[in-house]
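Chains as they are written, first to last, in this note's numbering: chain A, 1 to 139; chain B, 1001 to 1146. So the structure is just underneath, and the comments pick up after that.
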Amino acid sequence: MNPPSFETVQVGDELPSLQLPPVNRTTLALFAGASGDHNPIHIDIDVARRAGMPDVFAQGMLGMAWLGRVLTGWAPQSRLRHFEARFQGITHLGNAMRCGGRVVEKLERDGERCVRIELQSANQYGQAKIVGEALVALP
Amino acid sequence: MIDRKWIGHELPASVLTIERSRLQFFAQAIGETDPVYTDATAARDAGYPDLPAPPTFLFAAELDSGAAFRLIDALQIPIAKLLHGEQSFTHHRPACVGDTVTVRSGISDIYAKKNGALEFVVKTSRATNQHDELVAELRSVLVCRH
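Here you go:
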């Protein structure tokens, strides 16, 4: 990986996007175990239905972790200063998420040259599920 | 309605030891294939002492300890009405295999929107390592749909 440099990165540059396979029950069960989020609404259809949902649905933090992969696939994680996400919609079974980011600002923060990145994940129908933002310090 | 007395409440500390097999499992669960997250040699070549915890991993600390779900119970938010609204991480230094991270959180705000149809709980956290160095600051917004 050739890490981006502050000089060469331009506002408007797109980060390489990440296309995920459709969410299935195995994805959710594995993430429940790995993340420690054992909330049964994500893994037990009976609990999901009692809560008024048609079926189990993805953990928000799974979607945020995928956006994190977009960031760390672009620049080393040691350069990531800030990462935030707003969960806008529920990611359902069968949703195939596309996660991407775009450089929206070059700035100096705490004596470091940084870029601000807008992030978004959307399903195959173009419905945005998570929007986010990150600050990455670049050499 | 969530009792506003909880504003200022501090949760008991949650201690998370960063373990190799857990990070490898987490990488698998999120489809991460970059060897920096699964192979200690690749991590060292990238300048880390060992596998680094991915950017959102520290959220696990209060899930593993049970503090997160005990808080939801204490606030009397039914799990069926709970949504994760926002999450942020400000990273100060990496947490790697062998580190022990302590997360200390407090409830910084509780407020309502849409005439009380939605209530929001803001939790802010500091994560420090075994050298008492600041690793990350976290901010979570939990949403209760009435």
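Here a beta-carbon is modelled for each residue, glycine too, at the ideal position from N, C-alpha and C. Model, not experiment: these values are computed from the prediction.
- request: Closer than 8 Å by C-beta to B:Pro-1094: which residues in its own chain qualify, once you throw out the five before and the five after it? Chain order, please.
  value: Tyr-1048, Pro-1052, Ala-1053 and Val-1135
field: Endpoints, alpha helix (DSSP H) assigned at A:Glu-133
entry: First-last for A:Glu-133: 128-137, but that is the beta strand (DSSP E), not the alpha helix (DSSP H).
- prompt: Would you call the stretch 1081-1098 of chain B and the stretch 82-92 of chain A in contact, with 3 or more CB pairs under 8 Å?
  reply: yes
- prompt: How about B:Ala-1043: is its C-beta nearer than 8 Å to some C-beta of chain A?
  reply: no
field: Reduced DSSP secondary structure (H/G/I, E/B, other) of A:Ala-75
entry: coil
message: Beta-carbon within less than 7 Å of A:Ala-65's beta-carbon, same chain only, minus the 5 sequence neighbours each way: which residues are those?
response: none
- request: Name, in chain order, the residues that DSSP records as bridge partners for B:Gln-1087.
  value: A:Ala-85 and B:Ser-1140
CB contact below 8 Å: A:Gly-73 versus chain B: With 8 Å as the cut-off, A:Gly-73 counts as an interface residue toward chain B.
field: Anticipated Cβ contact below 8 Å, A:Asp-37 with B:Leu-1063, distance rounded
entry: That pair is a contact at about 5 Å.
- prompt: In this structure, does DSSP put A:Pro-21 in helix, strand or coil?
  reply: Coil, per DSSP.
query: Between the beta-carbon of A:Ser-17 and the beta-carbon of A:Leu-67, is there less than 8 Å?
result: no
- prompt: Would you say B:His-1084 faces chain A, with C-beta separation under 8 Å as the test?
  reply: yes
- request: Would you kindly check if the distance between the Cβ of B:Val-1103 and the Cβ of B:Leu-1016 is under 8 Å?
  value: yes
query: Is the stretch 1065-1082 of chain B touching the stretch 1029-1049 of chain B in the sense that three or more CB pairs, one from each, lie closer than 8 Å?
result: no
Bounding residues of the beta strand (DSSP E) (the contiguous stretch that carries B:Ser-1065): Counting along the chain, B:Ser-1065 falls outside any beta strand (DSSP E), and DSSP gives it neither H nor E.
task: Identify, in the order they occur along the chain, each residue of the same chain with its Cβ nearer than 6 Å to the Cβ of B:Val-1097, setting aside the five sequence neighbours on each side.
output: Ile-1018, Arg-1020, Asp-1050 and Leu-1051
message: Using a Cβ-Cβ cutoff of 9 Å, what residues of the stretch 1082-1110 of chain B are near chain A? List them in chain order.
response: Leu-1082, Leu-1083, His-1084, Gly-1085, Glu-1086, Gln-1087, Ser-1088, Phe-1089, Thr-1090, His-1091, His-1092, Arg-1093 and Pro-1094
query: If we ignore side chains and look at the alpha-carbon of each, how far apart do B:Ile-1151 and B:Asp-1003 end up?
result: Lying outside 1001 to 1146, the shown extent of chain B, residue 1151 of chain B is not represented and no answer is given.
field: For B:Lys-1123: DSSP bridge partner residues
entry: Listed as beta-bridge partners of B:Lys-1123 by DSSP are B:Ile-1107 and B:Ser-1140.
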